[in-house]
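Residue numbers (numbering that gives the first Met the number 0), protein chains in the order written: chain A, 0 to 301; chain B, 0 to 301.
There are 2 protein chains.
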Amino acid sequence: MKRRDFLTSGAIAGSAMAASSAILNPITASAANAASFPGDQRAKAKLRMCSQLGVIPGGKPEDKLKWMKSHGFEAVEIGGQGNDYLDWKKRADDAGLAIASLCIGSFGNKLTDEDPEKRKQGFDELKVQLERAGALGANGVVYVPATGRPDRPNWRIRELTVAMLKELGPFAAEHKTHIILEPLRRGEAWFLRQVSDAAQICKDAGVQGVAVLGDTYHMYTEETDDFAAFVAGGEYVKHVHLGNGTKRQLPGQDNHSFVKTMRGLKYIGYVNFIGYECGVNGDREIEVPKSVEYLRKCWEEA
Amino acid sequence: MKRRDFLTSGAIAGSAMAASSAILNPITASAANAASFPGDQRAKAKLRMCSQLGVIPGGKPEDKLKWMKSHGFEAVEIGGQGNDYLDWKKRADDAGLAIASLCIGSFGNKLTDEDPEKRKQGFDELKVQLERAGALGANGVVYVPATGRPDRPNWRIRELTVAMLKELGPFAAEHKTHIILEPLRRGEAWFLRQVSDAAQICKDAGVQGVAVLGDTYHMYTEETDDFAAFVAGGEYVKHVHLGNGTKRQLPGQDNHSFVKTMRGLKYIGYVNFIGYECGVNGDREIEVPKSVEYLRKCWEEA
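Pasting the structure below:
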């Protein structure tokens, strides 16, 4: 184990999570031993919190962003953007936060539609969002290729998805951002449910600018092992959504353990953001810091 | 690390692979350190070779089985069986080998057909093979739910597959054997391509007697990471097919590394058989022992 490297990454995570004192001594016995497992890149991994604003206490976005900064968050995840997108750049800059990503949905499944005109329309819409993501310094747009229970075979939707990525991935890369494929639970999207599948789609596309996301709420029912899922995702993992498995509330608010989640992220040397996309059971002002503390403990234990 | 446990498992693997002397000292620095990684069950993992007969030198099955025994193999994989299936029990017993599994294919995709009559026929055929597998002491029948490029949506074939497993898994368990789902390359089967997907199907079925297989030839194009794939498979992994990724020949005959394969199997504490299902480039008498030696080195390095 390169202890110096591990301490360095621990120190960086520590500065992000300054609210906690335990982070000053992050090396547990298991973590120290684990660092020598073949392929394990935990020495460079960092725990960097972000969130969508719904989870955060406060009224105006400016107040929420200020609260986030003072509670150790580093970035905010926003939605699809209109012409006033640069307002977010100012808001985030003023608060001292980065913009992690734009969570944009599926554009009504247009990009995988059988109608070439609709696909073209979807491509154009995604391009606009990628340009805006780039201008905002965001790592990507979180995108779902096809929602619902399709009446077409999987291979056909996949073919259209790979073709789309081949064309738009390089466009995303030019704008220093990514198209981030999000696998969902079957109730929301049958086409793409597992991180390993999303990663293989990126591999098939074989271009820059394509990435995957693991959403712990969806993974809870669709993956057999969160550690394995993130290892399969590997370098393609550019964002993580956090929600617990049973109620899609804050991690730590049910019995869903996030240790394997964190072990997977550490193993792949994850340095991008992990961000809340979930509800809150109780008072946000109290519950959100508790959840961050819970995640930090899981990170250390992993 | 419990070194005693590791030595024990090494010794057992050693007795199986008596042709090699290096196995007497199997602990490498990386393996010893790796044993303490969270969740790693390598202390109980064993390398146990089997093969289909096509790979093995010799003419008559009896001669091939004898050759296998004298070259450190522990078991043989056979095909779907007719009424004379007990002949295989005698042949294997005479050679001192176990029967690992029956590789039976898809039964023309009958078990996932939309016609209930055809499904019933498929169920009956699979039941017969499961009974015979049980009588032969085999760990399972290797089965493909749907081959080719389906014209139906994935969720529908999956629904029929899970329903089939719910009914026949317990039947398999009664006969002390398993239905082992085999993911294939997209050219052979679009429905099921990844080990993680097969494992999740088993999880959804939620019954005894269901399992998955990883075939390294198919995994080469369909998985981003063989280690992750086997970890996702976890306890569901009951058999492994071996073939290299570029030509489906013996492992070691191309540049496809099997270290991650072995790392995954060690991590999940794999104790079932791994068996050749591939071609051979060159003289079987020389090349098969070389490949076994190559796999053993990968196992040690993993």
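Backbone N, C-alpha and C define an ideal beta-carbon position, used for all residues, glycine too.
Reduced DSSP category for A/ALA99 - H, G, I as helix; E, B as strand; rest coil: Reduced to three states, the DSSP call for A/ALA99 is strand.
For A/GLN51, which beta-bridge partners are listed by DSSP? The partner list for A/GLN51 (beta bridge, DSSP) reads A/GLU76.
Assuming B/TYR275 and B/SER50 make a contact with CB atoms under 8 Å, what is their CB distance in whole Å? Indeed, because the Cβ distance is near 4 Å, the residues count as touching under 8 Å.
Rounded to a whole number of angstroms, what is the C-alpha to C-alpha distance between A/TYR84 and B/GLY232? Looking at the backbone, the Cα of A/TYR84 and that of B/GLY232 are separated by about 44 Å.
Please decide whether A/THR215 counts as near chain B, where near means a Cβ-Cβ distance under 8 Å. Answer no: the Cβ-Cβ gap between A/THR215 and chain B never drops below 8 Å.
Using the rule of at least 16 other Cβ atoms within 10 Å of the residue's Cβ for burial, across every protein chain shown, is A/PRO144 buried or exposed? Per the 10 Å Cβ criterion, buried.
Quick one, which of A/ASP123, A/ARG192 and A/SER105 has its alpha-carbon nearest A/ASP225's? Residue A/ARG192 is the option with its Cα nearest to A/ASP225.
Taking DSSP as the reference, what is the three-state secondary structure of A/LEU294? In the structure shown, A/LEU294 falls within a helical segment according to DSSP collapsed to helix, strand and coil.
Under 7 Å Cβ to Cβ from A/GLY139, same chain only, skipping five residues before and after it: list those, please. For A/GLY139, the CB contacts under 7 Å within the same chain, skipping 5 residues up- and downstream, are SER100, ALA132, THR176, HIS177, ILE178, ILE179, ALA210, LYS237 and HIS238 in chain order.
Does the Cβ of B/LYS259 have 16 or more other Cβ atoms within 10 Å, making it buried, or fewer, making it exposed? Label assigned to B/LYS259: buried.
Under a three-way DSSP split, which group does B/HIS238 fall into? When DSSP states are grouped into helix, strand and coil, B/HIS238 belongs to the strand group.
If you count every other CB in all the chains shown that lies within 10 Å of the CB of B/GLN248, and 16 or more means buried, which is it? Label assigned to B/GLN248: buried.
For the segment 58-65 of chain A against the segment 287-298 of chain A, do three or more pairs of beta-carbon atoms, one drawn from each stretch, fall closer than 8 Å, so that the two count as touching? Touching, no, given that fewer than three Cβ pairs across the two stretches are closer than 8 Å.
Check this for me: beta carbons of B/GLY268 and B/ARG47, under 8 Å apart or not? In this structure, B/GLY268 keeps its C-beta atom at 8 Å or more from the C-beta atom of B/ARG47.
Three-state class that DSSP yields for A/LEU264 in the structure shown: A/LEU264 falls in the helix class under three-state DSSP.
Taking CB distances under 8 Å as the criterion, tell me whether B/ARG151 reaches chain A. Output row for B/ARG151: interface = yes.
Assuming the contact rule is C-beta atoms closer than 8 Å, B/THR223 and A/ALA198 should be a hit. Round their C-beta distance to whole Å, please. Indeed they touch by this definition, with Cβ atoms about 5 Å apart.
For the putative contact between A/TYR293 and A/GLY251, defined by C-beta atoms under 8 Å, what is the C-beta separation to the nearest angstrom? 3 Å between Cβ atoms; contact.
Identify, in the order they occur along the chain, each residue of the same chain with its Cβ nearer than 7 Å to the Cβ of B/ALA21, setting aside the five sequence neighbours on each side. With a pLDDT of 34 at B/ALA21, under the threshold of 50, the modelled position of this residue cannot be trusted, and the question is left open.
Using a beta-carbon distance below 8 Å, is A/PHE257 in contact with chain B? Cβ-Cβ to chain B under 8 Å: no for A/PHE257.
For A/LEU183, the three-state DSSP class (helix, strand or coil): Here A/LEU183 carries a coil assignment [DSSP, helix/strand/coil].
Are the beta-carbon atoms belonging to A/MET261 and A/ALA228 less than 8 Å from one another? Not in contact: A/MET261 and A/ALA228 (Cβ atoms no closer than 8 Å).
With distances taken Cα to Cα, identify the nearest neighbour of B/ALA134 among B/VAL161, B/ALA172, B/GLY213 and B/GLY205. When B/VAL161, B/ALA172, B/GLY213 and B/GLY205 are compared, the shortest CA-CA separation from B/ALA134 is found for B/ALA172.
So is A/PHE72 in contact with chain B if we call contact Cβ pairs under 8 Å? Interface residue (Cβ-Cβ distance to chain B less than 8 Å): A/PHE72 is not classified as such.
Please compile the residues from chain B whose C-beta is within a distance smaller than 8 Å of the C-beta of A/SER105. Residues of chain B passing the Cβ test: none, with the nearest at roughly 17 Å.
Option in A/TYR266, A/VAL54, A/MET163 and A/LYS202 with minimal Cα separation from A/ASP123: The option with the nearest alpha carbon to A/ASP123 is A/MET163.
What three-state label does DSSP hand A/ALA137 in the structure shown? Looking at A/ALA137 - three-state DSSP - the assignment turns out to be coil, as it is neither helix nor strand.
Express the C-alpha separation of A/ALA91 and B/ILE156 in angstroms, rounding to a whole number. Roughly 47 Å between the two C-alpha positions.
Rounding to the nearest angstrom, what Cα-Cα distance links B/THR146 and B/THR160 in this structure? For B/THR146 and B/THR160, the gap between their C-alpha atoms comes out near 13 Å.
Tell me, please, whether the CB atom of B/ASP112 is closer than 8 Å to any CB atom in chain A? Taking Cβ atoms only, chain A never reaches closer than 8 Å to B/ASP112, which makes this a no.
Excluding the five sequence neighbours on either side, which residues of its own chain have a C-beta within less than 8 Å of the C-beta of A/GLU130, listed in chain order? Within the same chain, and ignoring the five residues on either side of A/GLU130 in sequence, the residues whose Cβ sits closer than 8 Å to its Cβ are HIS174.
Along the beta strand (DSSP E) that carries A/TYR275, what are the first and last residues, could you check? From DSSP, the beta strand (DSSP E) with A/TYR275 extends over 273-275.
Tell me the DSSP bridge mates of A/ILE178? Answer is A/VAL140 and A/VAL209.
Return the chain-ordered list of same chain residues with a C-beta closer than 8 Å to the C-beta of A/HIS70, the five sequence neighbours on each side being excluded. Here the set comprises ALA18, VAL287, PRO288 and VAL291.
Check this for me: beta carbons of A/ILE103 and A/GLY81, under 8 Å apart or not? No, the pair does not count as a contact, with Cβ atoms beyond the cut-off.
So A/ILE55 and A/ARG283 are in contact, right, with Cβ under 8 Å, and what is the actual spacing, rounded? Confirmed, about 7 Å.
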